[in-house]
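> This structure is in structure tokens; I'll ask about it shortly.
In our numbering, the protein residues as written are 7 to 297.
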């Protein structure tokens, strides 16, 4: 589902993904795919080959491979749990700790964040205290996913967002998907964010605030079926050489993946390969064309 033929299989994939067990498995594999995206292909292949050679020890081998891959790629701890409990999970102030919840949701705990998860057959609730955490939520339309942090309640079905508890009030930043924020007086309507927006929630309820861009992430873009035109528009904001489209209809093509946008020429080459497009050079920069 990350390649140029993804749209051809979209309907079948969506039907398969509607099964909660499949959605959980896909969320786990997608995380590992993204975590290893920058590793040498021969290293990943050798790990996979060794894994296949001992299929009767599949679970043990995968645990070792996952630990090795993640330690090389991110320097974080891998924790897989079969069921959620009320025991809090805490990250040290100088480390990142990743926790995969039983529904497939991945939580990255940073700067002393602590969470407590309580899941039932009808809802998924996580209480958070201190620090900062990023939630990559596994889709489950039958069970809303909520993060309670101070006076704030963030509700999502399938998305990526961060909750920052280091300030006087919780701050929520939406990376991908959609969330609704509630809190404060009961009559105060919920606030819906779009990707890139941030909000704070105090005793008076949620309100949008200017987004502070992390310099380390400013040149990266996570796309989940994002229109090609939106990716190009984002890249053209920061590059002197602009990416162009020979046919405006190409802007509607859907793209998924993680992209470096600080180099327009390199990005154009990657998009051309992913979408099976031609790449020409114009006076302002690269131009994507139909093959």
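Note that CB positions come from ideal geometry on N, CA and C, so glycine has one too.
For residue 266, tell me which candidate among 257, 259, 240 and 252 has the shortest Cα-Cα distance.
By 1-based counting over the chain shown, the position of residue 266 is 260. Nearest C-alpha to residue 266: 240.
> Could you name the residues of the same chain whose beta carbon sits closer than 7 angstroms to that of residue 196, not counting the 5 residues immediately before and after it, in chain order?
Numbered from 1 along the chain shown, position 190 holds the residue referred to as residue 196. If we look at residue 196 and ignore the five residues flanking it on each side, its Cβ neighbours are 186, 187 and 188.
> Check residue 216 in the structure and name its three-state DSSP category.
Within the chain shown, numbered from 1, the residue matching residue 216 stands at position 210. Looking at residue 216 - three-state DSSP - the assignment turns out to be coil, as it is neither helix nor strand.
> Taking only runs that begin and end inside the stretch 114–176, name each unbroken alpha helix (DSSP H) of 4 or more residues, in chain order.
List check, alpha helix (DSSP H) in window: nothing returned.
> Any idea which residues DSSP pairs residue 293 with across the strands?
Counted from its first residue, the chain shown places residue 293 at position 287. According to DSSP, residue 293 bridges with 250 and 286.
> If residue 152 sits next to residue 182, beta carbons under 8 angstroms apart, how far is it from one beta carbon to the other, in whole angstroms?
Locating residue 152 in the chain shown gives position 146, counting from the first residue. Locating residue 182 in the chain shown gives position 176, counting from the first residue. In fact, because the Cβ distance is near 18 angstroms, the residues do not count as touching under 8 angstroms.
> So, are the CB atoms of residue 136 and residue 172 less than 9 angstroms apart?
Indexing the chain shown from 1 puts residue 136 at position 130. Indexing the chain shown from 1 puts residue 172 at position 166. Yes.
> Give the DSSP-derived three-state secondary structure of residue 267 in the structure shown.
Locating residue 267 in the chain shown gives position 261, counting from the first residue. Reduced to three states, the DSSP call for residue 267 is coil.
> Does the distance from the C-beta atom of residue 252 to that of residue 210 stay below 9 angstroms?
Working through the chain shown from its first residue, we reach residue 252 at position 246. Working through the chain shown from its first residue, we reach residue 210 at position 204. Not a contact, by the Cβ cut-off of 9 angstroms.
> Starting from residue 20, trace the alpha helix (DSSP H) both ways and give me its first and last residue.
Against the chain shown, residue 20 aligns to sequence position 14. Looking at the DSSP string, the run of the alpha helix (DSSP H) that includes residue 20 is 16–23.
> In whole angstroms, what separates the C-alpha of residue 242 from that of residue 271?
The residue labelled residue 242 in the question sits at position 236 within the chain shown. The residue labelled residue 271 in the question sits at position 265 within the chain shown. Residue 242 and residue 271: Cα-Cα distance of roughly 11 angstroms.
> Assign residue 140 to one of two classes, buried (16 or more other C-beta atoms within 10 Å of its C-beta) or exposed (fewer than that).
Residue 140 sits at position 134 when you count from the first residue of the chain shown. It is buried - the Cβ of residue 140 has at least 16 other Cβ atoms within 10 Å.
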